[in-house]
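**Student:**
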Amino acid sequence: MRLKQTLAVASTAALLTVAACGGGDDDDTQKVDELSQAGVPVNASPLPMPEQGVAYNNPQPRDNIKDGGSLTLPIDNLGPNFNGMNVDGNSVATAEIMMWTQPMLWDYDEKGTPSPNPNYLESVEQVSDDPQTIKYTVNPDAKWNDGTPIDWRSFKTTWITNSGDSRYNPASTVGYDTIKSVEKGEKDNEVIVTWKTPSYPYQLAFPQLLHPKNSDPEYYKSGWINNMDNDLLSGPYIVDELTKDTLTLKPNPKWWGPEPKLDTVTYNQMEPTAAVNAFRNGQIDDVEINSGDALEQLRDVDGAVIRRNYDKATAVYSFGQDSALFKDDAAREAFVRGTDREQLIEIAFQGLDWEEEPPGSANIFPWQEGYEDNLGELGEYDPEAAKQILDDAGWVEGDDGYREKDGQVAEFTYVNFGDDPVAEATARAQQQMAKEIGLKMNIDNRPAADFSKALTDGDYDVIKMGWVSSDPYGWVWACQLMCSDSESNYSGLGSPEIDKGLKAVAAEKDPAKAVEIMNEAEKKSLALVGMFPLYAGPKMDAAKEDLANYAGASNNGGLAGFMLPHAEDIGWQK
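So the sequence shown is residues 1 to 574, counted in the UniProt record's numbering.
1. Using the rule of at least 16 other Cβ atoms within 10 Å of the residue's Cβ for burial, across every protein chain shown, is residue 269 buried or exposed?
2. Work out the CA separation of residue 531 and residue 324 for me, nearest whole Å.
3. Drop a sphere of 10 angstroms on the beta-carbon of residue 75, count the other beta-carbons inside from all chains shown, and report buried for 16 or more, exposed for fewer.
4. On the three-state DSSP scale, how would you describe residue 54?
5. Within this structure, are the beta carbons of residue 352 and residue 426 separated by less than 8 Å?
6. Pick from 474, 448 and 525: whose alpha carbon is nearest that of residue 484?
7. Report the rounded CA-to-CA distance for residue 88 versus residue 181, giving the unit in angstroms.
8. Can residue 41 and residue 301 be called in contact, C-beta distance under 8 Å?
9. Where does residue 435 fall in DSSP's three states?
10. Report, in whole angstroms, the separation of the C-beta atoms of residue 64 and residue 38, which I expect to be a contact under 8 Å.
11. Measuring only the C-alpha atoms, how far is residue 338 from residue 432?
12. How about the segment 458–466 and the segment 493–501: do they share at least three Cβ pairs that are nearer than 8 Å?
13. Taking Cβ positions, are residue 319 and residue 491 nearer each other than 8 Å?
14. Measure from the alpha carbon of residue 395 to the alpha carbon of each residue in 439, 235, 548 and 81, then state which is nearest.
15. Could you tell me how far apart the beta carbons of residue 133 and residue 192 are, in whole angstroms, since I believe they sit closer than 8 Å?
16. Exposed or buried, residue 288, counting other C-beta atoms within 10 Å across all chains shown (16 or more means buried)?
17. Assuming residue 359 and residue 535 are in contact, meaning their beta carbons sit under 8 Å apart, how far apart are those beta carbons, in whole angstroms?
18. Determine the direct distance from the alpha carbon of residue 166 to that of residue 486, and round the result to whole angstroms.
19. What does a CB cutoff of less than 6 Å around residue 35 pick up in its chain, not counting 5 residues either side in sequence?
20. Would you list, in sequence order, the uninterrupted beta strand (DSSP E) runs of no fewer than 3 residues that lie entirely inside the segment 462–539?
21. With distances taken between CB atoms, is the gap from residue 330 to residue 410 smaller than 8 Å?
22. Using the three-state DSSP reduction, which class does residue 26 fall into: helix, strand or coil?
23. Within a Cβ cutoff of 6 Å, which residues of the same chain sit near residue 119, ignoring the five residues on either side of it in sequence?
24. Please say whether residue 292 and residue 515 have beta carbons closer to each other than 8 Å?
25. So for residue 297, helix, strand or coil by DSSP?
26. Can you tell me which of the three DSSP states residue 85 falls into?
27. Please report the residue range of the beta strand (DSSP E) in which residue 412 lies.
28. Please go through the segment 74–118 and give each complete beta strand (DSSP E) segment of 3 or more residues, from N-terminal end onward.
29. Got a sec, what are the start and stop residues for the alpha helix (DSSP H) residue 451 sits in?
30. Check residue 264 in the structure and name its three-state DSSP category.
31. Rounded to whole angstroms, what's the CA-CA distance from residue 242 to residue 482? Just pull it up for me.
32. Following the continuous alpha helix (DSSP H) through residue 162, name the residue where it begins and the one where it ends.
33. Mind checking who residue 572 pairs with in its DSSP beta bridge?
34. I think residue 303 touches residue 544, with their Cβ atoms under 8 Å apart; what is that distance to the nearest whole Å?
35. What is the DSSP secondary structure of residue 64, counted as helix, strand or coil?
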């Protein structure tokens with residue numbers, strides 16, 4: 001699934017981590033030639049590049065992790081909807097919380113190869129090709145905290161709520177909308193899932209599960225708002241306390257798997273600047289680095305290291321469905337042609353020792369096989385072409401330099417979240433670019449905690465956000481972002497032709513051919529200018545040097561590649 005996140009709170013595609021090279025005097029820096037999996041000193045300069053397919057989260061076996069201790073972390077927002085499969089709860093922040101408390105059925109290694117999580121699944125096998133049929137054998141010890149067995153009923157609830165049934169509002173229906181049936185096998189712990197038409201890879205369906213109570217549409221939609229019912233959870237940790245700004249977790253006494261290493265895990269909602277200060281003061285144990293200034297503030301923190309990797313996210317501009325200006329196709333096209341992505345990249349990566357070209361896809365990374373530039377001419381910065389587009393559409397430049405049409409000023413609101421200086425600098429740069437082509441851009445700064453609500457309400461004209469990949473199959477999830485009937489297509493733009501192409505991707509068994517199908521459909525979707533890819537970049541955190549197995553924001557934020565570390569294994573190295 002693709003997880004949404006605000007870029008104001010440290011994200012490149014919701015996680016554009018920004019760090020700086022150098023720092024302080026030359027005498028204060030330390031030269032490091034290679035990036036260690038455990039991290040590099042906070043005063044390392046220049047910062048070494050990571051290697052694809054390697055975990056940089058200080059990966060350690062359980063035997064090397066101390067028993068006990070606490071972990072305190074910042075988080076950009078808590079809820080309000082804690083149903084991670086619901087479109088309103090589908091955020092990186094909620095995904096991180098689910099990692100500690102909910103069934104995570106699949107393990108991925110650093111390169112993205114999946115295998116069943118033995119805590120929940122004894123085995124998974126394809127028992128028929130025609131029709132495609134998968135048998136899941138559930139660990140018989142696996143139960144929800146209220147004692148309900150995790151069995152075919154949980155799989156059926158997860159299928160129905162994500163199938164496209166109009167009573168529910170899932171973030172994505174990919175992998176579920178072509179299922180024919182979910183039934184009990186010969187044994188109580190066997191689940192037989194049969195598809196009407198094939199869906200590849202089948203591991204995309206059922207990455208997590210929902211308690212059968214979620215089959216009630218009302219509970220599915222609103223029962224998780226500002227609420228996490230421990231009875232409906234099933235993971236190594238449970239909720240100890242939940243307030244508006246703080247979440248505290250403790251080991252689950254009903255957990256059947258390896259004993260959790262930590263005594264408590266605490267999340268404090270805070271803005272990026274506050275998080276950096278909290279890390280400096282020893283109040284939190286890990287923090288994302290969002291700017292060169294932030295990195296400089298961390299250069300002298302004792303006992304800390306810098307960890308970084310290629311991020312698994314893409315930053316995008318997304319246009320609001322109800323925007324008075326951007327309902328005009330020409331206005332959206334002119335906006336993107338007048339956007340200098342290379343300048344935005346320079347702002348985002350200043351001091352990072354990181355360079356990249358602007359991406360041509362929102363669904364597959366430039367370093368993945370099959371990547372193509374699907375933006376074409378739309379991705380080329382050309383303010384003169386942008387002006388001509390507006391001229392041809394009847395937007396006339398006034399004496400103040402801003403355009404008008406039929407008495408309407410070409411004015412829009414850019415919503416920015418949090419107090420991250422890079423996000424603020426990006427907004428100001430974009431404002432100047434818009435002015436150059438005659439568009440009046442107002443900047444509306446809001447707290448980072450308001451991000452999910454703004455998306456849910458559609459309360460913006462254009463927003464800078466990001467999509468984080470929870471697995472290596474981004475091309476399959478293209479329909480989540482771009483199909484016209486997807487709850488996660490925030491622009492609402494699409495067509496039957498594009499939908500047909502995007503929905504055909506999951507039906508293709510050959511990954512190379514599936515990527516080809518996605519590329520053709522994405523070209524047509526990006527041409528509608530509902531979203532505009534900006535950059536990918538690095539994932540970078542400062543962490544206390546003994547922290548092990550924590551992969552950064554959402555615990556699949558990129559420090560460990562595509563690996564999903566087990567929550568019960570996160571802790572402090574001996």
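Glycine included, C-beta positions come from ideal geometry on N, C-alpha and C. Quick caveat: nothing in here was measured; it's all calculated off a predicted structure.
**Tutor:** In terms of the structure at hand:
1. Your numbering for residue 269 matches position 269 in the sequence shown. Residue 269 is buried by the Cβ-count criterion.
2. Here residue 324 corresponds to residue number 324 of the sequence shown, with the count starting at 1. Here residue 531 corresponds to residue number 531 of the sequence shown, with the count starting at 1. Cα to Cα, the separation comes out at about 17 Å.
3. On the sequence shown, position 75 is the one that residue 75 refers to. Flag for residue 75 reads buried.
4. Here residue 54 corresponds to residue number 54 of the sequence shown, with the count starting at 1. Correct three-state label for residue 54: coil.
5. Residue numbering aside, residue 352 sits at position 352 when the sequence shown is read from its first letter. Residue numbering aside, residue 426 sits at position 426 when the sequence shown is read from its first letter. Going by C-beta atoms, residue 352 is not nearer than 8 Å to residue 426.
6. Position 484 of the sequence shown, counting from 1, holds the residue named residue 484. For residue 484, the nearest C-alpha among the options comes from 525.
7. Translated into the one-based positions of the sequence shown, residue 88 becomes position 88. Translated into the one-based positions of the sequence shown, residue 181 becomes position 181. Roughly 27 Å separates the two Cα atoms.
8. Counting from one through the sequence shown, the residue named residue 41 turns up at place 41. Counting from one through the sequence shown, the residue named residue 301 turns up at place 301. With contacts defined as CB atoms closer than 8 Å, residue 41 and residue 301 fail to qualify as a contacting pair.
9. As a position in the sequence shown, residue 435 is number 435, starting the count at 1. Three-state result, residue 435: helix.
10. Here the question's residue 64 lines up with position 64 in the sequence shown. Here the question's residue 38 lines up with position 38 in the sequence shown. Contact doesn't hold; Cβ gap of about 11 Å is too wide.
11. If you number the sequence shown from 1, residue 338 lands on position 338. If you number the sequence shown from 1, residue 432 lands on position 432. If I take the Cα positions, the gap works out to 10 Å.
12. no
13. Taking the first residue of the sequence shown as 1, we reach residue 319 at position 319. Taking the first residue of the sequence shown as 1, we reach residue 491 at position 491. Going by C-beta atoms, residue 319 is nearer than 8 Å to residue 491.
14. By 1-based counting over the sequence shown, the position of residue 395 is 395. Of the listed residues, the one whose Cα sits closest to residue 395 is 439.
15. Translated into positions along the sequence shown, residue 133 becomes position 133. Translated into positions along the sequence shown, residue 192 becomes position 192. Right, their Cβ atoms sit about 6 Å apart.
16. The sequence position of residue 288 within the sequence shown is 288, counting from 1. Answer is buried; the Cβ neighbour count reaches 16.
17. Numbered from 1 along the sequence shown, position 359 holds the residue referred to as residue 359. Numbered from 1 along the sequence shown, position 535 holds the residue referred to as residue 535. At roughly 7 Å, the Cβ-Cβ gap stays under 8 Å, so residue 359 and residue 535 are in contact.
18. Taking the sequence shown and counting its residues from 1, one reaches residue 486 at position 486. Taking the sequence shown and counting its residues from 1, one reaches residue 166 at position 166. Answer to the nearest angstrom: the Cα atoms are 11 Å apart.
19. Translated into positions along the sequence shown, residue 35 becomes position 35. Cβ neighbours of residue 35 beyond the five flanking positions: 48 and 50.
20. 462–469 and 531–535
21. Here the question's residue 330 lines up with position 330 in the sequence shown. Here the question's residue 410 lines up with position 410 in the sequence shown. No.
22. Residue mapping note: residue 26 aligns to position 26 of the sequence shown, counting from 1. In this predicted model, residue 26 has a pLDDT of only 45, less than 50, meaning its place in the structure is not dependable enough to derive any value.
23. As a working mapping, residue 119 is identified with position 119 in the sequence shown. Result list for residue 119: 257, in chain order.
24. Here residue 515 is taken as the residue at index 515 of the sequence shown, counted from 1. Here residue 292 is taken as the residue at index 292 of the sequence shown, counted from 1. Cβ atoms of residue 515 and residue 292: not closer than 8 Å.
25. What you label residue 297 is simply residue 297 of the sequence shown in a count that begins at 1. Residue 297 falls in the helix class under three-state DSSP.
26. Taking the sequence shown and counting its residues from 1, one reaches residue 85 at position 85. Three-state DSSP puts residue 85 in coil, outside helix and strand.
27. Counted from its first residue, the sequence shown places residue 412 at position 412. Its beta strand (DSSP E) spans residues 411–417.
28. 106–108 and 114–116
29. The residue labelled residue 451 in the question sits at position 451 within the sequence shown. Counting along the chain, the unbroken alpha helix (DSSP H) around residue 451 starts and ends at 451–457.
30. Here residue 264 corresponds to residue number 264 of the sequence shown, with the count starting at 1. Three-state result, residue 264: strand.
31. Residue mapping note: residue 242 aligns to position 242 of the sequence shown, counting from 1. Residue mapping note: residue 482 aligns to position 482 of the sequence shown, counting from 1. Roughly 34 Å between the two C-alpha positions.
32. Reading the sequence shown from its first residue, position 162 is the one you call residue 162. Segment 152–162, the alpha helix (DSSP H) holding residue 162.
33. Your numbering for residue 572 matches position 572 in the sequence shown. Per the DSSP secondary-structure output, residue 572 pairs in a beta bridge with 547.
34. Residue mapping note: residue 303 aligns to position 303 of the sequence shown, counting from 1. Residue mapping note: residue 544 aligns to position 544 of the sequence shown, counting from 1. Between residue 544 and residue 303 the Cβ distance is about 6 Å, and since that is below 8 Å, they are a contact.
35. Taking the first residue of the sequence shown as position 1, residue 64 is located at position 64. Helix at residue 64.
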